[in-house]
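Quick note on numbering: our numbering labels position 379 of the sequence shown as 498, and the sequence is numbered without any gaps.
Only one structure is covered here, and it is reproduced in the block below.
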Amino acid sequence: MVATTSIHGMWTTRLAFILAATGSAVGLGNVWKFPYITGENGGGAFVLVYILCVSMIGIPIMMAEIMLGRRGRQSPINTMRTLAHAEDRHGFWQLIGWGGVIAGFLIISYYSVIAGWAIAYAFRALGGSFTSLTGETAKDLFGALTGDPERLLAWHTIFMVMTTIVISRGVRSGLEQAVRVLMPALFGLLLVLVGYALTSGNFMDGLRFLFVPDFGALSAGAIITAMGHAFFTLSLGMGAIMMYGSYLPASASITRSTIIIALMDTLVALLAGMAIFPIVFANGLEPGAGPGLVFLTLPIAFGNMPGGLLFGTLFFVLLVFAAWTSAISLIEPAVAWLVENQGFARVRASVYVGIVAWLLGIMTVLSFNDWAFSFDFAGEAKTNGVFDLVDILTANFMLPLGGLAMALFAGWFMARASTQDELALGQGPAYRLWRVLIRYIAPLAVVLVFFNAVGLL
Numbered sequence: 120m121v122a123t124t125s126i127h128g129m130w131t132t133r134l135a136f137i138l139a140a141t142g143s144a145v146g147l148g149n150v151w152k153f154p155y156i157t158g159e160n161g162g163g164a165f166v167l168v169y170i171l172c173v174s175m176i177g178i179p180i181m182m183a184e185i186m187l188g189r190r191g192r193q194s195p196i197n198t199m200r201t202l203a204h205a206e207d208r209h210g211f212w213q214l215i216g217w218g219g220v221i222a223g224f225l226i227i228s229y230y231s232v233i234a235g236w237a238i239a240y241a242f243r244a245l246g247g248s249f250t251s252l253t254g255e256t257a258k259d260l261f262g263a264l265t266g267d268p269e270r271l272l273a274w275h276t277i278f279m280v281m282t283t284i285v286i287s288r289g290v291r292s293g294l295e296q297a298v299r300v301l302m303p304a305l306f307g308l309l310l311v312l313v314g315y316a317l318t319s320g321n322f323m324d325g326l327r328f329l330f331v332p333d334f335g336a337l338s339a340g341a342i343i344t345a346m347g348h349a350f351f352t353l354s355l356g357m358g359a360i361m362m363y364g365s366y367l368p369a370s371a372s373i374t375r376s377t378i379i380i381a382l383m384d385t386l387v388a389l390l391a392g393m394a395i396f397p398i399v400f401a402n403g404l405e406p407g408a409g410p411g412l413v414f415l416t417l418p419i420a421f422g423n424m425p426g427g428l429l430f431g432t433l434f435f436v437l438l439v440f441a442a443w444t445s446a447i448s449l450i451e452p453a454v455a456w457l458v459e460n461q462g463f464a465r466v467r468a469s470v471y472v473g474i475v476a477w478l479l480g481i482m483t484v485l486s487f488n489d490w491a492f493s494f495d496f497a498g499e500a501k502t503n504g505v506f507d508l509v510d511i512l513t514a515n516f517m518l519p520l521g522g523l524a525m526a527l528f529a530g531w532f533m534a535r536a537s538t539q540d541e542l543a544l545g546q547g548p549a550y551r552l553w554r555v556l557i558r559y560i561a562p563l564a565v566v567l568v569f570f571n572a573v574g575l576l
C-alpha cells in the first residue's frame with residue numbers, strides 16, 4: 120500500500136479535519152438552497168425526509184469517500200489508480216478521480232461568480248441599498264448587478280484571489296488555519312441571526328414551518344429532491360472529501376468523523392432556516408420563493424426591519440464565509456494533482472489552477488448578460504446559457520455518477536478486508552449496516568436522483 124502520510128501534509132487533529140470537511144459541505148447549498156427548497160416542498164415533512172436521506176445515503180457515501188482518500192493518500196486521480204491496482208481491478212476506476220477533479224474545477228468556475236454576488240450584496244446591505252425595497256426595486260437591484268459584466272467580473276476576481284491565497288499556503292498554514300477561523304465565525308454569525316429572528320415576532324411560525332410535518336404537502340418529487348440534496352449538501356462525488364480524507368491521520372475514526380460532519384452540516388441548514396423563515400413570515404413574504412429567496416426576497420425583509428442594515432450585512436457576510444470554505448475544497452484536488460504529477464510547487468500550482476478557473480468563470484459572468492441564451496432541459500426552461508449548461512453537466516450528471524461509482528467501488532470491488540481495515544468497525548452490526556447501505560440503498564437512491572435530474576422520472 121502507499122505511504123501512511125500525504126506528501127501535501129496532514130491535519131494536525133481530527134477536529135481540524137472535521138472543521139475542514141464541514142466547511143467543504145457547508146456552502147451556498149445550506150444557506151441559500153436548503154431554505155428555498157424546504158419552502159417549495161412544504162416545510163417540516165420535507166425536513167424529516169431530508170434528515171432520513173442524509174442518514175441513509177449521505178453518511179454511507181461520505182464514509183466511503185473518506186475511506187478511499189485515506190487509503191490512497193494522494194489526489195483523487197492517483198488515489199483511484201493506486202487503489203484499483205492494489206485491489207487488482209481495471210485501471211478505468213481512475214476515471215472516478217478524473218471526473219471528480221474536473222467536476223470540482225467546473226463548479227468553482229461558476230461558484231466563484233455566485234459568491235461574488237454575496238460579496239456585492241454584503242456591501243450593498245452595509246451601504247443602505249436595501250432600505251424601503253419593494254419587489255420591483257429588489258429585481259432592479261439584482262438586475263443591475265447581473266446585467267453588468269464588468270462589475271460581476273470584479274467580484275468574481277476578488278473571490279478567486281481569496282480562494283487561491285488560502286490554497287497556496289498548503290494544508291496546515293492555508294486550509295486548516297482558514298477553517299479554524301471561518302467555521303466558528305460562520306456558526307457565530309448564524310446564531311446571531313437566529314437570535315435576531317427571535318425578535319421578529321414570527322419565530323414560532325418559522326419553527327412550526329420547519330419542524331411540524333404536514334405529510335399532505337409531501338409529493339414523490341419532494342422525496343427525490345430530498346434525496347438529491349442529501350447527496351449534494353455533503354460535497355460528495357467531486358473528489359473534495361476524498362482529498363481531505365487523504366490528510367486524515369490513521370488513528371482518527373472515519374465513522375465518528377462522518378457522523379459529526381453530517382450533523383454539523385444539517386445543523387447549519389436548519390439554523391439557516393430558523394434565521395430566514397421567521398423574517399420571511401414577519402414581512403408577509405412567500406417561503407416558496409425559489410432561488411430568488413436570498414437575493415430578491417430577503418433584501419426586501421432586511422430593508423424594512425429594525426436593525427436590517429446590520430443584520431442584512433451579517434447575513435451576506437455569512438454567505439461569503441460559507442462559499443469560501445467550500446471553494447477551497449473544490450480547487451484543492453486539481454492543485455494536488457499538479458504537485459504530484461507535474462512537479463509544481465504548491466504556490467505555482469495554486470496560481471495556475473486559480474487563473475484557469477477564473478478564465479472559465481468569465482463564461483458564467485457573461486451568461487447573465489451579453490452571452491445569455493435560452494434552452495429547455497428535462498421540461499424546464501433555462502435562460503442563463505453557459506452557466507446553466509455547466510450547472511446541469513456537473514450537478515445532474517458528473518456528481519451523481521461520481522458518487523455512484525465510489526459507492527460501487529467501495530461496496531463491490533474493494534475487498535472486505537480492505538474496507539474493514541480502514542473503517543475499523545470490525546465485523547459487527549455497524550459494519551454490516553454500512554455494507555448494506557453502500558452496496559444497495561445508496562446506489563439505488565443515487566440512480567433515482569440521476570433519473571429525476573435528467574427528466575426520466
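We put the CB at the ideal spot given by N, CA and C, even for glycine.
All values derive from a computational prediction rather than experimental measurement.
- The bridge partners DSSP lists for E499 are F496.
- Collapsing the DSSP output to three states places W217 in a helix.
- As summarised for the region 447 to 521, the continuous beta strand (DSSP E) elements at least 3 residues long and confined to that stretch are 494 to 496 and 499 to 501, given in chain order.
- With a beta-carbon spacing of about 7 Å, L264 and L271 fall inside the 8 Å limit used to define contacts.
- T444 and I560 have their C-alpha atoms spaced approximately 30 Å apart.
- Contact check for G158 and G335: beta-carbon distance about 16 Å, past the 8 Å limit, so the pair fails to qualify.
- In the pairwise beta carbon analysis, the region 229 to 240 is classified as touching the region 277 to 292: at least three pairs are separated by under 8 Å.
- Spatial neighbours of I379 in its own chain (CB-CB distance under 7 Å, excluding positions within 5 residues in sequence) are listed in chain order as I137.
- Judged by their CB atoms, V568 and T385 are not nearer to each other than the 8 Å cut-off.
- Here T502 has S493 as same chain residues with Cβ atoms under 6 Å from its own Cβ, once five neighbours each way along the sequence are excluded.
- Between A524 and P154, the gap from beta carbon to beta carbon reaches 8 Å or more.
- In the three-state scheme derived from DSSP, where H, G and I count as helix and E and B as strand, H275 is classed as helix.
- CA-CA distance, Y229 to R288, rounds to 23 Å.
- In this structure, I450 lies near I227, with their beta-carbon atoms less than 8 Å apart.
- Contact between the region 422 to 441 and the region 196 to 210 is absent, with fewer than three C-beta pairs closer than 8 Å.
- A straight-line Cα-Cα distance of about 30 Å links F528 and L167.
- Contact annotation, G161 with D333: C-beta distance approximately 6 Å; criterion of less than 8 Å satisfied.
- Membership of F330 in the alpha helix (DSSP H) is indicated by the continuous run F322 to F330.
- Here the alpha carbons of D267 and N488 stand approximately 7 Å from one another.
- A direct Cα-to-Cα measurement between A526 and Q213 gives close to 14 Å.
- For E206, there is no enclosing alpha helix (DSSP H), as DSSP marks it with neither H nor E.
- Remark: C-beta atoms of V232 and G480 approach each other more closely than 8 Å.
- Note that the C-beta distance between L252 and G422 is below 8 Å.
- Within the model, the alpha-carbon separation for A234 versus A476 is close to 14 Å.
- Between A549 and T377, the C-beta spacing is not below 8 Å.
- A distance below 8 Å separates the beta carbons of I557 and A183.
- Taking every protein chain shown into account, the CB of N460 has fewer than 16 other CB atoms within 10 angstroms, so this residue is exposed.
- Under the criterion of beta carbons closer than 8 Å, A442 and G146 qualify as touching, at roughly 6 Å.
- Closest by C-alpha distance to F211, out of I196, V220, F224 and G223, is I196.
- Pairing T483 with V505, the inter-Cα distance amounts to about 6 Å.
- A check of alpha carbon separations from G530 across A497, R554, R291 and L457 identifies R554 as the nearest.
- Annotated three-state conformation of Y559 is helix, per DSSP.
- Ranked by Cα distance from L355, the options M302, V387, T124 and G216 are led by G216.
- Taking the CA atoms as reference points, H127 sits about 22 Å from M302.
- By the neighbour-count criterion, in which a residue is buried when 16 or more other Cβ atoms sit within 10 angstroms of its Cβ, G358 is buried.
- Taking the CA atoms as reference points, S338 sits about 18 Å from V573.
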